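Novice:
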Amino acid sequence: MTRKLFILLISFSIILFIGSYFAAQYLNQKDKIEVTISVVPQDSKITINGKLLQSNKIYLQSGKYMISVIKDGYFEYRKLQEVNSIDNQISTSLNQKPEKTIGQLTLSNDYNLATNIYPIIKHLPYDSFLVKIAYSPSSTLSLFSIDITAYEGYRKIAVDKIKNWGYNPADFDIKFLKYENPFKL
Amino acid sequence: MVKNNIITKFLLITIPPLIGFGIFYTINQSSIINPISNIPSYNKTYSADAGLENVSQIVASAVENYANQDSSESIEKRNQRLSLFFTGDSPVYKYEQKNINPPISRSITEVNSINNIESEGIDLNLLVKTTITLYEGNITSKINKNYLISLTKIYDGTMTPYDIKESEL
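Protein chains in written order, with this note's numbering: chain A, 49 to 233; chain B, 336 to 504.
#1: Measuring CA to CA, which of A:E130, A:I168, A:Y74 is closest to A:I194?
#2: Could you spell out the range, first to last residue, of the alpha helix (DSSP H) harbouring A:T163?
#3: Considering only their Cβ atoms, is the gap separating B:R441 from B:Y470 smaller than 8 Å?
#4: Are the beta-carbon atoms of B:V390 and B:L486 separated by less than 8 Å?
#5: Is A:V117 near A:I94, with beta carbons less than 8 Å apart?
#6: Just checking my contact of B:N363 with A:Q73 at CB under 8 Å: how many whole Å lie between their CB atoms?
#7: Cα separation between B:T465 and B:T444?
#8: Pull up the distance between the alpha-carbon of A:Y199 and that of A:N216, whole angstroms please.
#9: Looking at C-beta atoms only, is the number of pairs between the segment 98-114 of chain A and the segment 412-422 of chain B that lie closer than 8 Å three or more?
#10: So with Cβ pairs under 8 Å, would you call B:K338 a contact of chain A?
#11: Give me the subset of the segment 398-425 of chain B whose CB atoms are less than 7 Å from a CB atom of chain A, sorted by chain position.
#12: So the beta strand (DSSP E) A:A182 belongs to, where does it begin and stop?
#13: In chain order, what residues of the same chain have a beta carbon less than 7 Å from the beta carbon of B:Y377, not counting five sequence neighbours either side?
#14: Excluding the five sequence neighbours on either side, which residues of its own chain have a C-beta within less than 7 Å of the C-beta of B:Y381, listed in chain order?
#15: Measuring only the C-alpha atoms, how far is B:F420 from B:L461?
#16: Starting from A:S139, follow the alpha helix (DSSP H) in both directions and report where the run begins and ends.
#17: Using a Cβ-Cβ cut-off of less than 8 Å, list which residues of the segment 457-490 of chain B approach chain A; keep chain order.
#18: Tell me whether the beta-carbon of B:I467 lies closer than 8 Å to the beta-carbon of B:I478.
#19: Would you list the residues sitting across from A:G100 in a DSSP beta bridge?
#20: Name the chain A residues whose beta carbon is nearer than 7 Å to that of B:K429?
#21: Which residues in chain A have a C-beta closer than 7 Å to the C-beta of B:G355? List them in chain order.
#22: Check whether chain B comes within 8 Å of A:E124, counting only Cβ atoms and requiring the distance to be less than that.
#23: Excluding sequence positions up to five away, which residues of its chain have a Cβ less than 7 Å from the Cβ of B:Y428?
#24: Identify which residue in A:D208, A:I222, A:I150 has its Cα closest to the Cα of A:S190.
#25: Verify whether the separation of the beta carbon atoms of B:F356 and A:S68 is less than 8 Å.
#26: Could you tell me the distance, in whole angstroms, from the CA atom of B:P426 to the CA atom of B:D498?
#27: Less than 8 Å between CB atoms is the rule here; does A:Q109 satisfy it with respect to chain B?
#28: Would you check if there are 3 or more beta carbon pairs closer than 8 Å linking the segment 128-144 of chain A to the segment 157-177 of chain A?
#29: Between which two residues does the beta strand (DSSP E) carrying A:D195 extend?
#30: Using beta carbons (cut-off 8 Å, strictly below), is A:N212 in contact with chain E?
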């Protein structure tokens, strides 16, 4: 076999090989509906019947499918969807979950995450007879604040306590709350 | 000699595309998702703690569908069944079928009770007590198993099963 003929045969074979890819695709997509799924945020994961999709375009037979769109920090979109030649577009935007409060994080497995970002949490709540230092109940990882409950004259004690722990009080959003007399009946 | 040459040329042209077609066709076939053919209805009886009326049915269905296992069922079919009850990111799709170690080939589950256990945040944790019938050919045996199931809130506010594990409680 001459070299020229061999190259010709191999080239012809490669062309047929590429053609076989399109032939296989055509056979698999035959009698199916092209379904396009548009989601926001765009990097959400889409599953159909528990199977993760690699792209947002898929060929499906008409029928019912459990469509799920997931992304961390967002509520899952989930729907039993009828797919047919008319209903072949699915679009949704995910709603963000409320951020967990520091209180929720410290009670869960995320305690280390919270203390890594705000090591002062390890000292809180601090409660002496004169001052009380605690993170605000509404504190989250993105909005962290400290409540100091003390008489005006004793507020400095609380601030000094934070300094003693090795932190700069100016780094925190500190709220001074109204002090209540512990002897009050 | 000439005949051999013709055969070689023929094989050079036909074999690579045929192999390619086979590979591409198989890859595409594995990505095919079949529609859900039947959606099971649920009308069995079980006891549930007060306040769980809205979630008890999906919880009972989820636990039964998880614990119902069949060695003849493909992973894809099983995941399709589970996807009706569990969230799309549930780890349940990767779990092994623990109820059907050979020679046991099938397990059928019935939920007896659903109880609330303490949970934090927007999630809900429940304890589900079941009776499972194990099939070993024509021989059957019954065991009791408890499952801890966690539910999470989805976009429309409904609580949906996320994860499940066996519990010693």
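Where a beta carbon is used, it is the ideal one built from N, C-alpha and C, also for glycine. Quick caveat, the model's predicted, so the values are computed rather than measured.
Specialist: The short version:
#1: Here residue 194 of chain A refers to the residue found at position 146 when the first sequence is read from its first residue. A:I194 has its Cα closest to that of A:I168, out of A:E130, A:I168, A:Y74.
#2: Locating residue 163 of chain A in the first sequence gives position 115, counting from the first residue. From DSSP, the alpha helix (DSSP H) with A:T163 extends over 159-165.
#3: Here residue 470 of chain B refers to the residue found at position 135 when the second sequence is read from its first residue. Here residue 441 of chain B refers to the residue found at position 106 when the second sequence is read from its first residue. Cβ distance < 8 Å, so B:Y470 and B:R441 count as in contact.
#4: Along the second sequence, read from residue 1 onward, the residue named residue 390 of chain B stands at position 55. Along the second sequence, read from residue 1 onward, the residue named residue 486 of chain B stands at position 151. Cβ atoms of B:V390 and B:L486: closer than 8 Å.
#5: Working through the first sequence from its first residue, we reach residue 117 of chain A at position 69. Working through the first sequence from its first residue, we reach residue 94 of chain A at position 46. Going by C-beta atoms, A:V117 is nearer than 8 Å to A:I94.
#6: Indexing the second sequence from 1 puts residue 363 of chain B at position 28. Indexing the first sequence from 1 puts residue 73 of chain A at position 25. Rounded, the Cβ-Cβ distance is 6 Å, consistent with contact.
#7: The sequence position of residue 465 of chain B within the second sequence is 130, counting from 1. The sequence position of residue 444 of chain B within the second sequence is 109, counting from 1. Approximately 7 Å between the Cα atoms of the pair.
#8: Here residue 199 of chain A is taken as the residue at index 151 of the first sequence, counted from 1. Here residue 216 of chain A is taken as the residue at index 168 of the first sequence, counted from 1. The straight-line gap from Cα to Cα measures roughly 21 Å.
#9: yes
#10: Within the second sequence, numbered from 1, the residue matching residue 338 of chain B stands at position 3. Taking Cβ atoms only, chain A never reaches closer than 8 Å to B:K338, which makes this a no.
#11: N414, Q415, L417, S418, L419, T422, G423, D424
#12: Locating residue 182 of chain A in the first sequence gives position 134, where the first residue counts as 1. That run of the beta strand (DSSP E) goes 179-183.
#13: Sequence index remark: in the second sequence, residue 377 of chain B carries index 42 (1-based). Once the five neighbours on either side are set aside, the close Cβ partners of B:Y377 are Q392, A395, S396.
#14: Translated into positions along the second sequence, residue 381 of chain B becomes position 46. Cβ within range, chain order: A395, V446, N447, S448, I449.
#15: The sequence position of residue 420 of chain B within the second sequence is 85, counting from 1. The sequence position of residue 461 of chain B within the second sequence is 126, counting from 1. In a straight line, the C-alpha of B:F420 is about 15 Å away from that of B:L461.
#16: Taking the first sequence and counting its residues from 1, one reaches residue 139 of chain A at position 91. Run containing A:S139: none in the alpha helix (DSSP H); it sits in the beta strand (DSSP E), 137-141.
#17: I457, T487, K488, I489, Y490
#18: Counting from 1 along the second sequence, the entry for residue 467 of chain B is found at position 132. Counting from 1 along the second sequence, the entry for residue 478 of chain B is found at position 143. Yes, the pair counts as a contact, with Cβ atoms nearer than the cut-off.
#19: Taking the first sequence and counting its residues from 1, the one referred to as residue 100 of chain A is at position 52. According to the sequence shown, residue 100 of chain A is Leu rather than Gly. According to DSSP, which records beta bridges pairwise, A:L100 is partnered with A:T95.
#20: For the purposes of this step, residue 429 of chain B is taken as the residue at position 94 of the second sequence. Correct list: empty, because the minimum Cβ distance to chain A is about 10 Å.
#21: Locating residue 355 of chain B in the second sequence gives position 20, where the first residue counts as 1. The contacting residues are F65, S68, Y69.
#22: The count along the first sequence starts at 1 and reaches residue 124 of chain A at position 76. A:E124 counts as touching chain B.
#23: Within the second sequence, residue 428 of chain B is the residue found at index 93, counting from 1. Only N414, L417 meet the Cβ criterion.
#24: Mapped onto the first sequence, residue 190 of chain A falls at position 142. Looking at the Cα atoms, A:I150 is the closest of the given residues.
#25: As a position in the second sequence, residue 356 of chain B is number 21, starting the count at 1. As a position in the first sequence, residue 68 of chain A is number 20, starting the count at 1. Contact flag set, yes.
#26: Locating residue 426 of chain B in the second sequence gives position 91, where the first residue counts as 1. Locating residue 498 of chain B in the second sequence gives position 163, where the first residue counts as 1. C-alpha separation (whole angstroms): 6 Å.
#27: One-based indexing of the first sequence puts residue 109 of chain A at position 61. Yes, because at least one Cβ of chain B sits closer than 8 Å to the Cβ of A:Q109.
#28: no
#29: Sequence index remark: in the first sequence, residue 195 of chain A carries index 147 (1-based). Residues 193-198.
#30: Considering every chain present, this structure includes no chain E. Its protein chains are A and B.
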